[in-house]
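Visitor:
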């Protein structure tokens, strides 16, 4: 019984983790068909922003939930103005340019922080379920992921800004004809996506030993989750994260973590082979 | 092959031969050899991307597969002729099967990119986890993160004792790259190559004309895989060790950067891009003031933004335009003088 609870918790945690690291990328991809390959590095910056501000005496929750998204949002604004906006509509070129950006940021972080591991300890202590020890911070991650997804859903479906954004996503020409500045919408979307990446990076900072190359570990998974999810932002991320989280946890439990990771990748290949348009290209069509 | 094509190919081969012959006076031979191998690797990506329109994010998979196939076979067999051929055949066959799975499933652009990337990651993760005595193929332990060191390097065919010196090995790599270049030019001038370009230009139109684009893309992809495998084989014998890092994301990224910077619509562009950037990386690696990832990233960003077609095509166009201007001016002067 205890074991079942632990496993269930682990599965939910790994789904939440995937959803959290993919959310920012999904917003940007879903709205503007732009793949930001520097997404992992945005998370890395969020992580460093958190750790630096905690060291400077800021409360850890403020650092994770406010400072990190803010810093990365500003970085995103700069990147959008200086680079991305010249490349809209050129999917491959955006990928390559942001790949360059990712290398650049890794290089810059290496020069500033050095090639050493930094970290902070999780602010929430573990607790026991029966004979098993549970990492309390994992519950916090699940909570944050749920709040992020709900907030995204709320903004997109309930507010006027979300309505305009969805309109611009479906028919940019029509939105422009109705007087909405699509370039500005894209800019805000990119900043929002970056801020989400920063939030994810900040929240994960206590869990990973942060090095300048940390981002590379995230981008693969985030990229796979978003593409496999398909065009719908929230339904796509959630369904793909659920499939991959379940698969990787099952195989990790049955064999070992490496098998779990490989199983995730194999699942992605099979999934895309069967559903080339992603999960939401076939199911949950028209959802958000 | 048409006359102009033939002339251009011969011109490039002669010019390339001269450059490769003179280069050892400027760059140390060991470094130069690996630059040549990287040129060959870039050529494989240039072929399938520039002429087949297939953006593969995992060309490193074939590179690594060729190297591992060679290393494992060399340990088991000893004499290097069969391992050398296996180093080309294994990635070729893998690319054939993998490509068939992709193209007969009609995957394209981003989705193709993701899957090729994912397969490379699978190789990377798997090879990293193969430490331990249970992972052996024949007499060759896979070695996990440390890779496979100490396998017989390339020898003169038929005589396992006759090792090839560094000058000879450089010669082999140069011969490989020039020969591959010539073969690719021949391939591109053949009906198969022309149709491959037609498919790149417009898939639907090519299909409506009755060509099986799935089969043709698969074959082109497999040829690219074989060339990358050849590069991997040569690399294994050069480095005398193969590690999982050959499958890494950075390796795949670099191949794409070489093509983008050099100019993906040409064959010479990727080669020049690969050799120039790898040499730059080598030089940057010798100083510690600026991190070399920073410079490479900057080059990639600036190229995409400012020279989206790459350096070689832009330069070629510039030279053609300058020549045309000069000719016009000369004609103008002649008319004026008359």
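Protein chains in written order, with this note's numbering: chain D, 12 to 299; chain W, 2 to 339.
All C-beta atoms in this analysis are idealised placements derived from N, C-alpha and C, irrespective of residue type, glycine included.
(1) Between which residues of its own chain and residue 129(W) is the CB-CB distance below 7 Å, once the five residues before and five after are set aside?
(2) Could you tell me which residues DSSP puts in a beta bridge with residue 4(D)?
(3) Could you tell me which of 21(D), 101(D) and 247(D) sits nearest to residue 46(D), measuring between CA atoms?
(4) Hey, is residue 265(D)'s beta-carbon within less than 8 Å of any beta-carbon in chain W?
(5) Which residues of chain W have a Cβ atom closer than 8 Å to the Cβ of residue 231(D), listed in chain order?
(6) So, is the C-beta of residue 88(D) closer than 8 Å to a C-beta in chain W?
(7) What are the residues in the region 112-133 of chain D lying within 8 Å of chain W by C-beta distance?
(8) Let me know the secondary structure DSSP gives residue 127(D) once reduced to three states.
(9) Who are the Cβ neighbours of residue 211(W) in its own chain at under 7 Å, not counting the five residues just before and after it?
(10) State buried or exposed for residue 43(D), treating a residue as buried only when at least 16 other CB atoms are found within 10 Å of its CB.
(11) Which residues in the same chain have their Cβ closer than 7 Å to the Cβ of residue 204(W), if we skip the five residues on either side of it in sequence?
(12) Taking 8 Å as the threshold (C-beta atoms), are residue 230(D) and residue 48(D) in contact?
(13) If you count every other CB in all the chains shown that lies within 10 Å of the CB of residue 308(D), and 16 or more means buried, which is it?
(14) Under a three-way DSSP split, which group does residue 341(W) fall into?
(15) Quick test of the definition: if touching needs 3 or more C-beta pairs under 8 Å, does the region 89-97 of chain D touch the region 269-286 of chain W?
(16) State the Cα-Cα distance for the pair residue 71(D) and residue 86(D), rounded to the nearest angstrom.
(17) Please state the DSSP three-state secondary structure of residue 142(W).
(18) Is residue 67(D) near the ligand FMN, judged by its Cβ being under 7 Å from some heavy atom?
(19) For the candidate residues 92(W), 293(W), 319(W) and 17(W), whose alpha-carbon lies nearest to that of residue 63(W)?
(20) Looking only at its chain, what residues have a beta carbon closer than 7 Å to the beta carbon of residue 138(D), apart from the 5 residues adjacent to it on each side?
(21) Any chance you could list the alpha helix (DSSP H) runs of at least 4 consecutive residues sitting entirely within the region 63-105 of chain D, in chain order?
(22) Alpha carbon to alpha carbon, how far is residue 261(W) from residue 318(W)? Give it in angstroms, no decimals.
(23) Here's a check: name, in chain order, each residue in its chain whose Cβ is nearer than 7 Å to the Cβ of residue 188(W), leaving out the five neighbours to either side.
(24) Based on the DSSP output, what are the partners of residue 340(W) in its beta bridges?
(25) Using a Cβ-Cβ cut-off of 8 Å, state whether residue 128(W) counts as contacting chain D.
(26) With a threshold of 8 Å between beta carbons, is residue 56(D) in contact with chain W?
(27) Any Cβ of chain W within less than 8 Å of the Cβ of residue 107(D)?
(28) Could you say which of 229(W), 77(W) and 66(W) lies nearest to residue 140(W) if we only look at CA atoms?
(29) Note down the Cα distance separating residue 304(W) from residue 311(W), rounded to an integer number of angstroms.
(30) Closest by CA to residue 242(D), which one among 27(D), 37(D) and 24(D)?
(31) Kindly list, in the order they appear in chain D, the residues whose Cβ is closer than 7 Å to that of residue 309(W).
(32) Taking only three categories from DSSP, how would you classify residue 308(W)?
(33) By Cβ distance below 7 Å, which residues in the same chain neighbour residue 23(D) in space, the five residues on each side in sequence not counted?
(34) Taking C-beta pairs closer than 8 Å, name the residues in chain W that residue 279(D) reaches, listed in chain order.
(35) For residue 46(W), which residues in the same chain have their Cβ closer than 6 Å to its Cβ, ignoring the five residues on either side in sequence?
(36) In this structure, what does DSSP give as the bridge partners for residue 137(W)?
Guide: Working from what's here:
(1) 145, 146 and 245
(2) Given that chain D is displayed from residue 12 to residue 299, the structure contains no residue 4(D) and the question cannot be resolved.
(3) 101(D)
(4) no
(5) 118, 119, 122 and 250
(6) no
(7) 112, 113, 114, 115, 116, 117, 118, 119, 121 and 122
(8) coil
(9) none
(10) buried
(11) 214
(12) yes
(13) With chain D covering 12 to 299 only, the question about residue 308(D) has no answer from this structure.
(14) Summary: the structure shown does not reach residue 341(W), with chain W confined to residues 2 through 339, and so no result is reported for it.
(15) no
(16) 21 Å
(17) strand
(18) Inclusion of the ligand FMN in the displayed structure is not the case, the ligand content being empty and no account of it being possible.
(19) 92(W)
(20) 145 and 147
(21) 79-93
(22) 17 Å
(23) 194
(24) Because chain W is modelled from 2 through 339, residue 340(W) falls outside the range shown and cannot be assessed.
(25) no
(26) no
(27) yes
(28) 77(W)
(29) 7 Å
(30) 37(D)
(31) 104
(32) coil
(33) 153
(34) 115, 116 and 119
(35) 60, 256 and 260
(36) 142(W)
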